[in-house]
Amino acid sequence: MAKSTRPTISDVAKAAKTGKTSISRYLNGEKHLLSDALLARIENAIAELDYRPSLMARSLKRGRTRLIGLIIADITNPYSVNVLSGIEAACREKGFTPLVCNTNNEVDQEQHYLDLLRSYQVEGIVVNAVGMREEALNRLQQSSLPMVLIDRKIPDFACDVVGLDNTQAATTATEHLIDQGFEALLFLSEPLGTVNTRRERLAAFNATLARHPGVLAENAEVPLAENAQLDNTLRQFHTRYRGMRKAIISANGALTLQVARSLKRIGLNWGSDIGLLGFDELEWAELAGVGITTLKQPTWQIGFAAVEQVVRRIEGGSTAIHEQVFSGELIIRGSTSR
């Protein structure tokens with residue numbers, strides 16, 4: 001049984017009764033150098049053989065792959081999905097192809113994908129980082145590969161960053177709850193670690209409350225998978241401030257979902273028993289009972305801007321390293337109404 005092989009440029013040249021140089025000229029857009037009769041023969045040969053040139057091989061021959069690598073911490077997170085939409089749109093507009101790698105919040109996977117993307121000779125990388133190790137960062141710095149970080153900064157690593165103005169967003173959220181007459185507030189986040197977004201939001205929360213000494217406040221760190229710990233934290237907060245108007249600020253969308261589930265488990269209703277405000281706009285937020293107030297991030301714009309910046313670096317832009325931040329938008333619903 002004959003083995004099926006992919007047609008080559010030599011096969012096309014043979015079928016068109018010409019040389020490989022003419023086929024190369026055709027594929028590279030130099031059709032004006034070929035006669036009408038030869039053009040017709042080449043087009044017919046390509047159609048008959050169903051020939052498809054290797055874009056990767058042609059790009060490498062020119063010294064360009066037109067590939068941008070994407071390392072995403074959690075592709076199932078609604079935030080990541082919306083950011084990817086903006087990234088894909090920017091890549092399409094700029095003539096690049098994205099290669100998406102999902103680390104599932106695992107640092108070892110992050111290192112693996114960094115090495116993999118370099119082997120594919122991507123021209124730049126956009127990273128929604130988890131906690132890159134020093135070895136990986138040193139290799140990236142030595143490679144001089146253009147790179148932009150989304151949402152999170154990496155300590156002692158000079159790199160362009162695109163994300164939310166966390167200070168503005170957390171201040172707006174906290175001020176809203178105070179204006180609505182809440183007397184006790186709980187800021188909930190996953191473990192802070194070195195994640196700057198969580199730290200900046202907590203810092204803005206505390207700074208805002210410092211200007212309102214009459215409002216009582218707490219903060220707690222709860223891993224997403226620890227349902228019992230979260231239930232206990234919320235139950236104690238509710239009991240401790242019994243008789244007072246109290247509310248929770250959740251630091252991201254994934255945690256907001258866990259908080260909503262926890263409140264159901266312990267028999268509390270957001271809006272009537274306790275206020276709830278979450279970072280990130282979630283599709284179900286307006287459908288959840290009275291609706292959940294959210295701090296909406298311009299995620300599509302963040303993804304688009306990240307690609308724009310990495311392309312500027314790819315094309316030789318030499319401006320100083322900078323952080324580009326976007327303002328958030330408060331979407332008010334029944335969970336924080338008076």
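Note that the UniProt record's numbering numbers the sequence shown so that position 127 is 127, with each residue one more than the last.
For every residue, glycine included, the Cβ atom is placed at its ideal position computed from N, Cα and C.
When the alpha-carbon of S22 is set against those of I125, A40, P7, T5, the nearest one is in A40. The Cβ atoms of L145 and G163 do not sit closer than 8 angstroms to each other. Contact between the region 276-283 and the region 107-116 is absent: fewer than 3 CB-CB pairs across the two stretches fall below 8 angstroms. L255 is not a Cβ neighbour of E329, given a cutoff of 8 angstroms. When secondary structure is reduced to three states using DSSP, D160 falls in the strand class. DSSP places P78 inside the alpha helix (DSSP H), whose first and last residues are 78-94. Per the coordinates, the alpha-carbon of A210 lies some 14 angstroms from the alpha-carbon of L186. Distances from the alpha-carbon of S119 to those of I68, D156, A90, V83 put I68 closest. Secondary structure remark: continuous beta strand (DSSP E) runs of at least 3 residues inside the region 172-243, in chain order: 184-189, 216-221.
For the pair of segments examined, the region 236-244 was found not to touch the region 199-214: the number of CB pairs separated by less than 8 angstroms stays below three. CA-to-CA, the gap between L268 and D115 works out to about 48 angstroms. In this structure V12 touches L49 by the C-beta definition: roughly 6 angstroms separates them, less than 8 angstroms. Inter-segment contact for the region 314-329 and the region 284-301 is present: three or more beta-carbon pairs are separated by less than 8 angstroms. Counting along the chain, no alpha helix (DSSP H) covers V127; the unbroken beta strand (DSSP E) around it starts and ends at 124-127.
Taking the Cα positions, I332 is about 36 angstroms away from M147.
With a threshold of 16 other beta carbon atoms within 10 Å, A47 falls short and is exposed. When C-alpha distances from A173 are compared across I248, E226, L230, M244, the shortest belongs to I248. Counting along the chain, L99 sits inside the beta strand (DSSP E) bounded by residues 97-102. Q121 and V311 have their C-alpha atoms spaced approximately 15 angstroms apart. Residue burial is scored here from C-beta neighbours: D179 has fewer than 16 other C-beta atoms within 10 angstroms and is therefore classed as exposed.
In the three-state DSSP reduction, E110 falls in the helix class (H, G or I). Under the three-state reduction of DSSP output, V311 falls in the helix class.
Assignment of T65 by DSSP, reduced to helix, strand and coil, places it in the coil class.
Taking C-beta atoms under 8 angstroms as the contact rule, N166 and A129 fail to qualify, at a distance of about 15 angstroms. Distance from V126 to A306 at the Cβ level is roughly 5 angstroms; contact confirmed, criterion being Cβ atoms closer than 8 angstroms. Ranking L202, P155, R201, I42 by CA distance to the CA of K20 puts I42 first. With at least 16 other beta carbons inside 10 angstroms of its own, L230 counts as buried. CA-to-CA, the gap between K31 and A15 works out to about 18 angstroms. By the 16-neighbour rule on beta-carbons within 10 angstroms, N44 is exposed. Residue environment: D273 is assigned as exposed (fewer than 16 neighbouring CB atoms within 10 Å of its CB, all protein chains considered). From the listed residues V81, R66, N104, T65, the smallest Cα separation to W300 is found for V81. The three-state reading of DSSP puts S22 in helix, counting H, G and I together.
With a beta-carbon spacing of about 5 angstroms, T233 and A220 fall inside the 8 angstroms limit used to define contacts. Exclusion of the five residues before and after T208 leaves A170, T171, T174, E175, I178 as the residues of its chain whose Cβ lies within less than 8 angstroms of its Cβ.
Its chain contains I68, T97, P98, V307 as the residues whose beta carbon lies nearer than 8 angstroms to that of C91, once the 5 sequence neighbours on both sides are disregarded; these appear in chain order. Counting only the Cα atoms, R338 lies some 44 angstroms from D156.
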